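Numbering (the working numbering), first residue to last: 59 to 288. Glycine included, C-beta positions come from ideal geometry on N, C-alpha and C. Please read these numbers as outputs of a predicted model, since none were measured by experiment. One structure is given below, encoded as structure tokens.
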Ligand code: C5P
């Protein structure tokens with residue numbers, strides 16, 4: 059089953075403190091965004107990628123795409139001031155039914171097997187998201203005082219990719235726009251439609267490169283992945 063990727067890459071990455079788009083930071087001589095794109099470039103089931111970028115970074119990103127011979131980009135759209143608006147621009151640029159995967163450019167370590175599971179579940183049920191379970195004990199607290207310990211079995215830490223039938227994602231995005239609703243992921247928008255969303259168990263390595271610690275962790279993951287291939 060094939061799919062199209064929508065990849066928001068128009069953030070500023072302030073929490074990384076690099077002073078420029080964190081996606082341009084290098085891991086093993088390649089920018090983070092290129093590592094992420096290469097996962098899809100190498101997946102025969104991926105038929106194209108729609109990339110959302112900041113208008114003033116378009117040229118720099120285009121030259122990276124050329125340099126690393128990324129061939130699956132279908133269209134590059136202007137991102138928005140919020141991640142959700144960047145994804146909405148991708149949705150608008152794509153008018154084809156089928157499965158779409160929304161994936162943050164800042165998560166370069168996703169596994170091909172997770173993509174395949176997501177596509178299969180989204181094909182069957184319309185919506186599926188990657189997630190892992192917390193390893194630590196989880197509690198809620200108010201003003202620094204514990205309220206209760208939460209049943210960890212019911213908790214999931216949500217990642218991307220998130221996979222949808224295109225018409226489901228489009229309807230969810232349009233409803234959010236109409237209501238002025240801003241969510242932190244696409245699943246939230248689909249949940250508002252009343253559409254059930256399936257969980258697909260992902261890996262702890264699929265971290266989002268957000269702060270300097272993530273970068274150090276990323277170097278280790280990459281080294282391990284390269285060793286696995288030897
Ligand atoms: O900032 P954060 O890491 O949560 O962003 C997740 C992804 O969304 C990143 O790949 C980032 O480039 C993208 N993004 C975007 N447009 C924004 C904000 C974030 O495309 N306005």
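_Quick check: what's the CA-CA separation for residue 115 versus residue 251?_
On the chain shown, position 57 is the one that residue 115 refers to. On the chain shown, position 193 is the one that residue 251 refers to. The alpha-carbon atoms of residue 115 and residue 251 are separated by roughly 34 Å.
_Measuring only from the beta carbon, is residue 183 closer than 7 Å to any heavy atom that is part of the ligand SAM?_
In the structure on display, the ligand SAM does not appear, and the ligands it does have are the ligand C5P.
*Given a cut-off of 8 Å, decide if residue 215 and residue 189 are closer than it, judged by their beta-carbon atoms.*
If you number the chain shown from 1, residue 189 lands on position 131. If you number the chain shown from 1, residue 215 lands on position 157. Taking 8 Å as the Cβ cut-off, residue 189 and residue 215 qualify as a contacting pair.
*Using the C-alpha atoms, what's the distance from residue 137 back to residue 159?*
Counting from one through the chain shown, the residue named residue 159 turns up at place 101. Counting from one through the chain shown, the residue named residue 137 turns up at place 79. Near 17 Å, if we compare the C-alpha coordinates of residue 137 and residue 159.
*For residue 276, which of helix, strand or coil comes out of DSSP?*
As a working note, residue 276 is residue 218 in the chain shown. DSSP places residue 276 in helix when its eight states are reduced to three.
*Please report the residue range of the alpha helix (DSSP H) in which residue 98 lies.*
Walking along the chain shown from the start, residue 98 turns up at place 40. 90-99 is the span of the alpha helix (DSSP H), which, as asked, contains residue 98.
*asked:* Which of the three DSSP states is assigned to residue 61 in this structure?
replied: Counting from one through the chain shown, the residue named residue 61 turns up at place 3. Here residue 61 sits in strand by DSSP.
*Can you check DSSP and say which residues form a bridge with residue 145?*
Counting from 1 along the chain shown, the entry for residue 145 is found at position 87. Per DSSP, none; premise fails for residue 145.
*Taking the alpha carbon of residue 118 as the point to measure from, which residue in 164, 132, 91, 107 has its own alpha carbon closest?*
Locating residue 118 in the chain shown gives position 60, counting from the first residue. Cα-wise, what sits closest to residue 118 is 91.
*Where does the unbroken beta strand (DSSP E) through residue 205 begin, and where does it stop?*
In the chain shown, residue 205 corresponds to position 147, counting from 1. From DSSP, the beta strand (DSSP E) with residue 205 extends over 203-208.
*Measuring CB to CB, does residue 220 end up less than 8 Å from residue 260?*
Sequence index remark: in the chain shown, residue 220 carries index 162 (1-based). Sequence index remark: in the chain shown, residue 260 carries index 202 (1-based). No, the pair does not count as a contact, with Cβ atoms beyond the cut-off.
*Report whether the distance from the Cβ of residue 210 to the nearest heavy atom of the ligand C5P is below 7 Å.*
Stepping through the chain shown from its first residue, residue 210 is reached at position 152. Because no heavy atom of the ligand C5P lies under 7 Å away, the Cβ of residue 210 does not count as near it: no.
*asked:* I need the boundaries of the alpha helix (DSSP H) containing residue 246, first residue and last residue.
replied: As a position in the chain shown, residue 246 is number 188, starting the count at 1. Segment 244-250, the alpha helix (DSSP H) holding residue 246.
*Does the Cβ-Cβ distance between residue 128 and residue 63 come in under 8 Å?*
Taking the first residue of the chain shown as 1, we reach residue 128 at position 70. Taking the first residue of the chain shown as 1, we reach residue 63 at position 5. Not in contact: residue 128 and residue 63 (Cβ atoms no closer than 8 Å).
_Please state the DSSP three-state secondary structure of residue 237._
Along the chain shown, read from residue 1 onward, the residue named residue 237 stands at position 179. Reduced to three states, the DSSP call for residue 237 is helix.
*Which residue's Cα is closest to the Cα of residue 264: 154, 166, 243?*
Residue 264 sits at position 206 when you count from the first residue of the chain shown. It is 166 whose Cα lies nearest to the Cα of residue 264.
*Is it right to say residue 102 is buried, meaning 16 or more other beta carbons lie within 10 angstroms of its own, or is it exposed?*
In the chain shown, the residue the question calls residue 102 occupies position 44. It counts as exposed.
*Which first and last residues belong to the beta strand (DSSP E) in which residue 74 is found?*
As a working note, residue 74 is residue 16 in the chain shown. Neither: residue 74 is in no beta strand (DSSP E) and is coded neither H nor E.
*Find out if the Cβ-Cβ distance for the pair residue 135, residue 153 is shorter than 8 Å.*
Here residue 135 is taken as the residue at index 77 of the chain shown, counted from 1. Here residue 153 is taken as the residue at index 95 of the chain shown, counted from 1. No, the pair does not count as a contact, with Cβ atoms beyond the cut-off.
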